[in-house]
Amino acid sequence: MSSDVRFTDFKSDKQPTWCPGCGDFGTMNGMMKALAETGNDPDNTFVVAGIGCSGKIGTYMHSYALHGVHGRALPVGTGVKMARPDIEVMVAGGDGDGYSIGAGHFVHAVRRNVDMSYVVMDNRIYGLTKGQASPTSRSDFETSTTPEGPKQPPVNPLALALASGASFIAQSFASDALRHQEIVQEAIEHDGFGFVNVFSPCVTFNDVDTYDYFRENLVDLQEEDHDPNDYEAAKEVITSSDKEYQGVMYKDENSVPYHEQHGVTEDMSEIPDGAPEDAMDLVREFY
Amino acid sequence: MAEDLNWAIGGEAGDGIDSTGKIFAQALSRAGRHVFTSKDFASRIRGGYTAYKIRTSVDRVQSVVDRLDILVALTQRTIDENLDELHEGSAVIYDGERSWEADIPDEMTAVDVPLKSLAEEAGGAIMRNIVALGAACKITGFDVEYLDEALEKRFGGKGSKIVENNKEAARLGQEYVEENYDLEHLGYNVDVTDNDYVLLNGNEAIGMGAIAAGCRFYAGYPITPATSIMEYLTGRIEDYGGHVVQAEDELSAINMALGAARSGARSMTATSGAGIDLMTETFGLVATSETPLVITDVQRSGPSTGMPTKQEQGDLNMALYGGHGEVPRFVLTPTSIDECFWKTIEAFNLAEKYQTPVFLVSDLAMSVTEQTFEPETFDMDAVEIDRGKLVDEDEVDEWLDAQGHFRAHAVTEDGVSPRAIPGTTDAAHMSTGLEHDELGRRTEEEDERVQQVDKRYRKVETAQNEENWDYREFGDEDAENLIISWGSNEGALVEALGYLEDDGIDVRVISVPYIFPRPDLSDDIEAAEEVIVVECNATGQFADLIEHDVLTRVKRINKYTGVRFKADELAEQITEQLSEEVPA
């Protein structure tokens, strides 16, 4: 880890194909700045991305990265972290990727408390497939596949995380660059699963959950005297349906990450030239 | 084969059938006798017929046969299920004190032992199976001391009291038979030798091979019959700095293994049946991102949930063709328990050398069968590790483009690109399941697409030339009758040779441990008069491949009852097939 890393070192020379004004620009910039600010460099960072507009992030960032299959980014990140506790792992996804097809993996990555940060670009719509309802779309949100609205309540990812035993739950807004960066930074620094749901507006297909909507309705928990170590207070904030919050909702200061709980400390890429020295013991066991 | 002894214990699942069988198998192995076990079990936890069979001999045994000499029957169904295999000289041990009256044919020796009462006398009814083992020792003249040793190994961890009680139970069973029966006329001769064998099953051999090969990360989801690989690795792989994750599903398992593999760890996942279907989603990603990964499929009877505890070799087409699009892969099919060990090691080397997924395809029969081997069969000094083009910091420069980007998917002559793992300075790069350029970035450029597809397939060509895609051969190499097989049928075939020889039929057996790439058998087939392909599936998936390769019709022996081939049964079927016309 070199100290002279700039956030632009995490930038690739590929021009993003996101729509002009997409929230993902701001989300990604914050991620890059947070990585640089926390002392990481591209050579010791692994970014895993899912599918969708959010999944393109691996292409626009520069680090070790894998762009996987839809909804399975978290298991990949888990594998990376377990094999290489020395590597900084960041997983990026979208609301469809993370809370629909990948919802099962989300619950389990959360409860395992794998030491990685998970940044979800939540625009409450399917963008890359051109405007269908997502699991976080409002129940009356009219789309091509839900002309009268989904008629089912949206998933509350923060509540899902809390119920799954999360050790770090936060929410940010792509347009509030500084706060977003600070929150992602805190997620990176957290010992365990650092979950950040980012409001990342889709300017093309979502005319409800817009920049203006969030600017007008977003309440920063910093200004509310919220204590993230207070589980009950976190529950209150997370389940409140009349306000949209940004900030760190919950943080377990006693969090012990999965690999530490399981005594994994070694870099698993290092193996002997032949069988391990005492490998004949494995055979003797069968006498 | 007079030296053989075929013993079985049968009852309901939950009766401790499996552990009793294992204890006896270990006792026989410790006595320097060869052992081959087979299990018959239903997909339920309690109740339902279940049996554990042991064939033992001073010579190597590698198949089951249609013969049972000593049967410990805990239920009438055990007798009924095995009636065909019992013969005049068979002895059936049962507990006449229990509430069932054993219906044992007159020509067999019924040995009524109060198993439960004697077990209670020794300290608890739970040991009734051990009483039966003691009785079996007396009938066969097998020294009960070896049983004592096996009991010590089995129960040593539970304290000396438990061990002593079990030994007492065995002794009571032995004494009861001695006092109440005169069984010398049964004439079984269970010789002991001073050999020191190891006794293990195919899944244990795969797990052991994985650790030996440097596998450090395993993720899986419980499924019969693959689970015991995960159970073996859990609690052992940690000693070597590794870790096992029980994932939430197979999709997660293969993706975790993929993540670990991309970060440089030798990784594996194993599953069966429906689990392989789920993993197929990620299979193409593994191949396209050129990640070295070993995917083990322990085949069971399908399709859908099929018969989860029964034998079949029905996944060959899946291993060859599974997944959308066209992706290179290697498919290895160990043919015996010892080969499960060696092919696992080879699978890891091939995966890293060619940066490609390797299917290791085993089957249920091998996974649950225990067999004795000389310990040197698993010679750890002979294990070689080849990590392929894994580049370190000093070699990175050679693979940078003009802008200083690492060419992780560089188009090379042999199709293999350099591989840099996280932490390698200046080699940071992305990989993706999307078609990509040399840097791993998405492309739909026609030329680049063709280059990458060709490059990936060139790896197979290179491997075809550089690796040894050989087969194993048995029998008379000049025989005009050629039998071809893959997977676990080998043992039964090798033993069938003995029966065929007795009938004056010469046969050459080719057992193929590689399905893709596979050895070219055209010359062998051309030289043969008769060709029969033997496999445990209904349609003859391997026979189809052979016909495709050589453009010649072959005969087929297919078994899809859920039960593995038996040596004597196979000999009979081969004889029958040889007298028939080649199908039009």
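Protein sequence lines, in the order shown, are assigned to chains U and Z. So the first sequence is numbered by the working numbering: it starts at 1 and just counts up by one. So the second sequence is numbered by the working numbering: it starts at 1001 and just counts up by one. No residue lacks a Cβ here, since even glycine has one placed at the ideal position from N, Cα and C. In this text, all values refer to a predicted model and were calculated from it rather than measured experimentally.
(request) Look at the Cβ atom of A1212/Z, then the Cβ atom of M1268/Z, and state whether they are nearer than 8 Å. (result) no
(request) Express the C-alpha separation of Y1471/Z and L1482/Z in angstroms, rounding to a whole number. (result) 13 Å
(request) Using a Cβ cut-off of 8 Å (strictly closer), state whether D1249/Z contacts chain B. (result) Absent from the structure: chain B. Protein chains present are U and Z.
(message) Suppose contacts are defined by Cβ-Cβ distances below 8 Å. Is I1054/Z in contact with T1037/Z by that definition?
(response) yes
(message) Checking 8 Å against the spacing of the C-beta atoms, do E1535/Z and E1480/Z come in under that value?
(response) In this structure, E1480/Z does not lie closer than 8 Å to E1535/Z by Cβ.
(message) For a test of the three-state rule: what should DSSP assign to P157/U, helix, strand or coil?
(response) When secondary structure is reduced to three states using DSSP, P157/U falls in the helix class.
(request) Quick one: using the 10 Å Cβ neighbour count with 16 as the cut-off for buried, is Q1464/Z buried or exposed? (result) Q1464/Z comes out exposed.
(message) In this structure, how does DSSP classify H1243/Z when only helix, strand and coil are distinguished?
(response) strand
(message) To the nearest angstrom, how far is the alpha carbon of I1562/Z from that of T1309/Z?
(response) In the sequence under discussion, the amino acid at residue 1562/Z is Gly, which differs from the Ile named in the question. Whole-angstrom Cα-Cα distance: 8 Å.
(message) Does W1100/Z come out as helix, strand or coil in the three-state DSSP assignment?
(response) coil
(message) Looking only at its chain, what residues have a beta carbon closer than 8 Å to the beta carbon of V1163/Z, apart from the 5 residues adjacent to it on each side?
(response) Excluding positions up to five away in sequence, the list reads L1151, E1152, F1155 and G1156.
(message) Please state whether the Cβ-Cβ distance between R72/U and N1255/Z is less than 8 Å.
(response) Yes, they are a contact pair.
(message) I'd like the ranges of any alpha helix (DSSP H) spanning at least 4 consecutive residues and lying wholly in the region 114-175 of chain U.
(response) 157-163
(message) Check whether chain Z comes within 8 Å of S63/U, counting only Cβ atoms and requiring the distance to be less than that.
(response) yes
(message) Tell me which residues of the region 1249-1264 of chain Z have at least one Cβ-Cβ distance to chain U shorter than 7 Å, keeping chain order.
(response) If the cut-off is 7 Å between Cβ atoms, the region 1249-1264 of chain Z has D1249, L1251, S1252, N1255, M1256, A1257, L1258, G1259, A1260, R1262, S1263 and G1264 near chain U.
(message) Beta carbons nearer than 9 Å to chain U: which residues of the region 1118-1147 of chain Z have them?
(response) none
(message) The beta strand (DSSP E) that contains D1297/Z, what's its start and end?
(response) L1293 to Q1299
(message) Does V198/U pass the burial test, meaning 16 or more other C-beta atoms within 10 Å, or should it be called exposed?
(response) buried
(request) Using 10 angstroms around the beta-carbon of Q261/U, count the other beta-carbons present and answer buried if the total reaches 16, otherwise exposed. (result) exposed
(request) Check whether the Cβ atoms of S200/U and A170/U lie closer than 8 Å to each other. (result) no
(request) Go through its chain and collect everything with a Cβ distance to S1367/Z's Cβ below 6 Å, but skip five positions before and after it. (result) G1202, N1203, P1225 and V1298
(request) For A1571/Z, return the contacting residues in chain U, with the cut-off set at a CB-CB distance below 9 Å. (result) Chain U residues near A1571/Z: none, gap ~31 Å exceeds 9 Å.
(request) Return helix, strand or coil for Y245/U, following the three-state DSSP convention. (result) DSSP places Y245/U in strand when its eight states are reduced to three.
(request) Out of E142/U, H70/U and F193/U, point me to the one whose CA is closest to N254/U's CA. (result) F193/U
(request) Could you work out which residue in V1131/Z, R1077/Z, V1092/Z and T1050/Z is closest to N1006/Z when comparing CA atoms only? (result) Considering only alpha carbons, the answer is V1092/Z.
(request) Could you work out which residue in A1265/Z, E1175/Z, I1276/Z and A1169/Z is closest to Y1221/Z when comparing CA atoms only? (result) Answer by Cα proximity: I1276/Z.
(request) Tell me where the alpha helix (DSSP H) around Q1573/Z begins and ends. (result) A1567 to L1578
(request) Can you tell me which of the three DSSP states L1551/Z falls into? (result) coil
(message) Give me the residue from N1317/Z, M1380/Z and W1100/Z with the minimum Cα distance to M280/U.
(response) M1380/Z
(message) Across the region 231-242 of chain U and the region 61-68 of chain U, are there enough close Cβ pairs to call them in contact, namely three or more that are closer than 8 Å?
(response) no
(request) Keeping to the same chain, check which residues put their C-beta closer than 6 Å to that of T143/U; ignore five residues upstream and five downstream. (result) Here the set comprises G131, Q132 and A133.
(message) Threshold first: 4 residues or longer. Then list the alpha helix (DSSP H) segments lying entirely within the region 169-217 of chain U, N to C.
(response) 177-189 and 211-217
(request) State the Cα-Cα distance for the pair L1350/Z and D1194/Z, rounded to the nearest angstrom. (result) 39 Å
(request) Report yes or no: is there a C-beta of chain U within less than 8 Å of the C-beta of S1579/Z? (result) no
(request) Leaving aside the five residues before and after T1291/Z along the sequence, list all residues of the same chain whose C-beta is less than 6 Å from its C-beta, in chain order. (result) L1258, A1261 and R1262
(message) Residues of chain Z with CB closer than 8 Å to the CB of N44/U, please, in chain order.
(response) P1422 and G1423
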